Structures are given as C-alpha cells and as structure tokens.
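Comments concern the structure below.
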Ligand code: GDP
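Residue numbers (the working numbering): 64 to 240.
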C-alpha cells in the first residue's frame, strides 16, 4: 500500500515508559494531552512532510505498551507497519536488554520479508541517569541489523531526523531512489 506519496505507516514499539507517546507527540507537533490513565491506549497521528524534496503522508501509530508478559505484539500492529520504531530508554537497561527477543519475534511475525526497523535510544537528555551508552546501542543495532538513532523526545532532539530517516528506509526498501 502507498505509492511514493504514501501513506506510510510507522509503528512505535517498546516497553512502558520508554517515551513512545512523547515521540508520537513530538511528531504530531502538539503538546502532550492530559495525563493518561492506566488504560492501554491506541492513537495515530498523521502528517504530510517533505523528505528529500518529496512530499509524503506519514501515519505514526502509538499502540500502547508492549513488553509485559504475554502480549508483546499484536498481530494487527505487525501487519499495519511499513516500518517499526523499536524504542528503548537509555536510562533503563531492562528496556534495552529485552530488545533482541522482541525483534526476533517481530521479524518472525511480519508478513514482509525484511521490514525496516529502527532502534530508537530515547531520553538522551538524561545524561546522569544513563544506563546504556551510545556505543552499546550502536553495536546492538549492528548485531540486530537495524538502524540506530539517539533521540530526546523531551528536547525534540533528533526527532525530525528519526521520522525522516524512517521515510527514507521505507523508500529504499521499495526500490525508490
Ligand atoms: P510510553 O509509555 O512509552 O508511551 O512513554 P511516555 O511517552 O509516556 O513517557 C514516559 C515518561 O518519560 C513521561 O514522563 C515522559 O515525559 C518521559 N519522557 C519521554 N521521553 C523523554 C525524553 O526524551 N527525555 C526525558 N527527560 N523524559 C522523557
């Protein structure tokens, strides 16, 4: 689905608290809504953006928390995504160490042979609370053969690059120049 102009569908994955909603709202360009209750939520944000001088419609899905026992990935979200943002927090080693099994599961379940997956090391602004170094994140990405980027949703550092990079990855996989 989706020609050159999209829509491209991007799914945010990762454990509770790593910053999925913060990244989605950084993308949407609106301030976070009222504090969420404990219910799992599902939101999508749609925007037109220009990447490499070409307009595209990007839809970002924030499908709530995964990673807790059992319900890691709903099948529907795996089928939805043209690309996946696998988010962890650099201040939470647990969210980092559980990436590999999650990614294997994602690849096994995906109907596409090789969906673009970007490892997102979020909360890079929290230097003193950091538990996972830039180098560790990078080598994990090499090991898992995905892209890697450090972001701060709070400061909106690298967030634009993240979403533009995802669009480029999707275009590349589709053989667009
Ligand atoms: P989610 O459960 O993955 O959707 O995580 P949230 O987006 O709700 O973020 C969890 C908490 O981390 C919230 O208090 C956010 O304000 C905070 N947070 C998210 N991203 C960042 C970031 O880049 N830097 C900092 N300092 N805090 C962040």
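Cβ atoms here follow ideal geometry from the backbone N, Cα and C, with glycine treated the same way.
Note that the structure is a prediction, hence the values are computed from the model and not measured.
The beta strand (DSSP E) with residue 184 in it runs from where to where? The count along the chain shown starts at 1 and reaches residue 184 at position 121. Start and end: 180 to 185.
To the nearest angstrom, how far is the alpha carbon of residue 238 from that of residue 175? For the purposes of this step, residue 238 is taken as the residue at position 175 of the chain shown. For the purposes of this step, residue 175 is taken as the residue at position 112 of the chain shown. Answer to the nearest angstrom: the Cα atoms are 14 Å apart.
Identify, in the order they occur along the chain, each residue of the same chain with its Cβ nearer than 8 Å to the Cβ of residue 149, setting aside the five sequence neighbours on each side. For this step, residue 149 is matched to residue 86 along the chain shown. Counting only Cβ-Cβ distances below 8 Å, and skipping sequence neighbours, we find 76, 77, 162, 165, 166, 169, 180, 181, 182, 183 and 209.
Can you tell me which of the three DSSP states residue 119 falls into? Position 56 of the chain shown, counting from 1, holds the residue named residue 119. Strand at residue 119.
Just the Cα atoms here: how many angstroms apart are residue 145 and residue 191? One-based indexing of the chain shown puts residue 145 at position 82. One-based indexing of the chain shown puts residue 191 at position 128. Distance between the alpha carbons of residue 145 and residue 191: 35 Å.
If you reduce the DSSP assignment to three classes, tell me which class residue 67 lands in. Numbered from its first residue, the chain shown carries residue 67 at position 4. DSSP places residue 67 in coil when its eight states are reduced to three.
Classification of residue 197 by the beta-carbon crowding that lies within 10 angstroms, buried from 16 upward: Here residue 197 refers to the residue found at position 134 of the chain shown. That one is exposed.
Are three or more beta carbon pairs between the stretch 218 to 234 and the stretch 149 to 160 nearer than 8 Å? The stretch 218 to 234 is not in contact with the stretch 149 to 160.
Going by C-alpha distance, which of 229, 173 and 155 is nearest residue 211? Sequence index remark: in the chain shown, residue 211 carries index 148 (1-based). Ranking 229, 173 and 155 by Cα distance to residue 211 puts 229 first.
Reduced DSSP category for residue 83 - H, G, I as helix; E, B as strand; rest coil: Numbered from its first residue, the chain shown carries residue 83 at position 20. Assigned with DSSP and collapsed to three states, residue 83 falls in helix.
Beta strand (DSSP E) segment containing residue 146, residue limits: The residue given as residue 146 occupies position 83 in the chain shown. Taken as a continuous stretch (DSSP letters only), the beta strand (DSSP E) holding residue 146 covers 146 to 152.
Should residue 157 be labelled buried (16 or more other beta-carbon atoms within 10 Å of its own) or exposed? If you number the chain shown from 1, residue 157 lands on position 94. Its Cβ having fewer than 16 others within 10 Å, residue 157 is exposed.
Nearest to residue 217 by CA position, among 143, 69 and 81, is which residue? Along the chain shown, one-based indexing puts residue 217 at 154. Minimum Cα distance to residue 217 is reached at 81.
Express the C-alpha separation of residue 118 and residue 25 in angstroms, rounding to a whole number. Here the chain covers residues 64 to 240 and nothing more, so residue 25 does not appear.
Where residue 110 falls, given that 16 or more other Cβ within 10 Å makes a residue buried: The sequence position of residue 110 within the chain shown is 47, counting from 1. It is exposed - the Cβ of residue 110 has fewer than 16 other Cβ atoms within 10 Å.
Any heavy atom of the ligand GDP within a distance shorter than 7 Å of the CB on residue 83? The residue labelled residue 83 in the question sits at position 20 within the chain shown. Using a cutoff of 7 Å, the CB of residue 83 counts as near the ligand GDP, since one of the ligand's heavy atoms is closer than that.
Output the boundary residues of the beta strand (DSSP E) element that contains residue 112. Looking up residue 112 in the chain shown gives position 49. In this chain, the beta strand (DSSP E) harbouring residue 112 covers 106 to 114.
For residue 126, does the three-state DSSP call read helix, strand or coil? Within the chain shown, the letter at position 63 stands for residue 126. Reduced to three states, the DSSP call for residue 126 is coil.
Compare the C-beta of residue 145 with all C-beta atoms of chain C and state if any pair is closer than 8 Å. Protein chains in the displayed structure number just one, and chain C is not present.
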